[in-house]
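Enquirer: My numbering puts the first residue of the sequence shown at 1172, with every later residue one more than the last.
Think of the CB as a built atom: it goes at the ideal place given N, C-alpha and C, for glycine as much as any other residue.
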Amino acid sequence: LIAHLRDQHKMLPLRNLARTAAPPAARAFGSEATLPTALYDMHLSLKGKMVPFAGYTLPVLYETEAGGVMNEHLHCRSEGKSSLFDVSHMGQIRWRGADRVAFLEKVLVGDIAGLGDGEGRLSLITTNEGTIIDDTVLCNAGDSVYMVVNGACKHKDMAWFEEQMADFGGDVSMEYCDDLALVALQGPGAAATVAKLVPSSVDLSKMDFMTGFDTTLAGIEGCRLTRCGYTGEDGFELSVPNDKAELLAQALLDDASVLPTGLGARDSLRLEAGLCLYGNDIDDTINPVEANLTWTIGGPKSRRRTEQGFNGADKFLTPEGKLKKTTKKRVGLTGFKAPARQGAELYLGEEQIGHVTSGTFSPCLKKPIAMGYVAKELAKEGTEIQVKIRNKMQTAVVTKMPFVETSYYKAA
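1. Would you be able to state if there are at least three C-beta pairs under 8 angstroms between the region 1383–1394 and the region 1218–1229?
2. Measure the C-alpha to C-alpha separation of A1204 and D1485 and round it to an integer number of angstroms.
3. Count the other CB atoms within 10 Å of the CB of K1277; is the residue buried (16 or more) or exposed (fewer)?
4. In angstroms, rounded to a whole number, what distance separates the CA positions of P1194 and Q1421?
5. Between the beta-carbon of D1414 and the beta-carbon of I1304, is there less than 7 angstroms?
6. Go ahead and pull the three-state DSSP assignment for P1194.
7. Grab me the residues of I1524's own chain with a C-beta within less than 7 angstroms of its C-beta, minus the 5 sequence neighbours each way, in chain order.
8. At which residues does the alpha helix (DSSP H) containing H1260 begin and terminate?
9. Note down, in chain order, each residue of its chain lying with its Cβ closer than 6 angstroms to the Cβ of N1321, except the 5 sequence neighbours on either side.
10. At a cut of 8 angstroms, does the region 1333–1347 reach the region 1359–1372 through at least three beta carbon pairs?
11. In chain order, what residues of the same chain lie with their CB nearer than 6 angstroms to the CB of S1578, ignoring the 5 residues before and after it?
12. Work out the CA separation of S1410 and E1392 for me, nearest whole Å.
13. So which of L1275, L1210, L1295 and L1351 has the shortest CA-CA distance to M1336?
14. Output needed for R1267: all residues of its chain with C-beta closer than 6 angstroms, excluding positions within five of it in sequence on either side, in chain order.
15. For R1474, I'd like the list of residues in its chain whose CB is within less than 7 angstroms of its CB, leaving aside the five on either flank, ordered along the chain.
16. DSSP three-state label for G1435, please.
17. With DSSP as the reference, label E1461 as helix, strand or coil.
18. Give me the Cβ distance between M1542 and S1533, rounded to the nearest whole Å; I'm assuming they're in contact under 8 angstroms.
19. When you compare only the Cα positions, how much space is there between T1382 and A1284?
20. Answer with buried or exposed for S1259, where buried requires no fewer than 16 other C-beta atoms within 10 angstroms of its C-beta.
21. So S1439 and V1569 are in contact, right, with Cβ under 8 angstroms, and what is the actual spacing, rounded?
22. To which residues of the same chain is L1351 closer than 7 angstroms at the C-beta, ignoring the five residues directly before and after it?
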C-alpha cells in the first residue's frame, strides 16, 4: 500500500508504519482483525480502498478520477468545497450524574466547569505521572457532557475512566454510545452543505467553532452536530444512529461540492494544520509542557493552572501554576528536500537532539513538512538543525505551526 501511494501520488502523507517501539495505541494501518463501520458498503460502492485502522476497516483513499490522496487533500482546502470523512471508529461517550463535571475535572486538564451550554473544548486525559493518555473533544450538552475520544484509544480510555470512577465515589456515569456513527464534513463549503440539512430554526452563521447541540439532520432524529474538526478548516462532526448513517452520508454527498475522502488526506491535512496524532506526536511518555499543549489547561493565572486538581498536575506544574522545566519540546520542521518520516533522527552537528514524530509532503505548500521533538534550547523558531533522511543529513529549520493557516469559524 505504501509503495502504491508513493508511486501513484508522489507523496505519502501516511505515517511510517515500521516505527521502532511504537506505542501500542498508535493509530497505524495493520493486519489485525477489524470491524466494518455503518458506512462500509457505501465506501465499497464509492470505490474506497479499504485498510485496517484502529480496529475498523476504513478507506485510505477513493480510487476514482476525482479521488486519490492529493486530489482529496486539495479539495478539502478549496473555496466552496468540502470533504466527507467516516470517523465512526472514534469513541462517543455521554457523561451523566450530578458530579460529572467534578469527575471530569479530575481526569482531564482544562476548565470543564466553565463551559457554557453547548460550548466545547479540546482537552487531555492525563496519567498520575502527568503524561497523556489521550486527547479528547468534549461539549457541555446541558443534562450531560458529550465526549469524543480517539478510536485506537477508546477502550483503554474507558477502562481508565472506570478505574478512576471507582476511586471517585461520586454521582457520575459513563455511557459508551456504540449505537452511533460519526462523520466529519470539512472545508470552506461545509456550512453551506450542512445548512440544507438542519431544521429551519438553526442559523449556522451564529454557531462558533467548538460548539454543538442535539438536533435532527436530514430529518433524522437522535443526531448531534458539533462545529469542530481535524483539518484546520471550518467544518462539522455529525453524530447519527448507525442504522441511519448511510442516509445522512448520502444526503451530504448529494451536494456536488462534497467529495468522499479517506484517511490518507485526513493525515496530511491535520499535519499541515499542526495538529497532533495520538501515538505519534503525543503518548503516555509525553506531558502537556513537552507537547506544547499547555493552552488546553488555561493561561498562567487561570483557575485550572492555579487550583489544579487533575491527575499528574504536580508533575509539570509548580504549586503556583508555573510550568516546570522540561528537556524537550514539540516543534514544526521544514527546509529539507525529501520527506522526513516518523522516527527520522534530528541532529545538531554530531549530537542527536530529537526525532521526527510525523512527516509528509504538503500538497498546499508543495514541500516536505514534519513535526517532532527537539532539545528545549533548540526549539526557537528559525533554529537550524539537521535531519537524517535515508542515511544522509539534510538541513531542517524549526518552524512555527500551523504550517497552513487555519480557518476555524467565529461568529461575528
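Expert: The short version:
1. Contact fails between the region 1218–1229 and the region 1383–1394, because fewer than three Cβ pairs, one in each stretch, are under 8 angstroms apart.
2. Cα to Cα, A1204 sits roughly 40 angstroms from D1485.
3. buried
4. In this prediction, P1194 has a pLDDT of 30, which is less than 50 and means its spatial position is unreliable; nothing more can be read from the coordinates.
5. Contact: no.
6. Residue placement at P1194 is flagged as unreliable, the pLDDT there being 30, under the threshold of 50; the coordinate-derived value follows with that caveat. DSSP places P1194 in coil when its eight states are reduced to three.
7. L1517, Y1518, V1545, A1546, L1549 and I1556
8. Unbroken run through H1260: none, as it is neither H nor E.
9. D1305 and Y1449
10. no
11. Exclusion of the five residues before and after S1578 leaves E1404 and D1405 as the residues of its chain whose Cβ lies within less than 6 angstroms of its Cβ.
12. 11 angstroms
13. L1275
14. Once the five neighbours on either side are set aside, the close Cβ partners of R1267 are S1315 and S1344.
15. D1282
16. helix
17. coil
18. Their Cβ separation, rounded to whole angstroms, is 12 angstroms, which puts M1542 and S1533 out of contact at 8 angstroms.
19. For T1382 and A1284, the distance between alpha carbons rounds to 15 angstroms.
20. buried
21. About 21 angstroms separates the two Cβ atoms, so there is no contact after all.
22. Q1263, S1410, V1411, P1412 and N1413, listed in sequence order.
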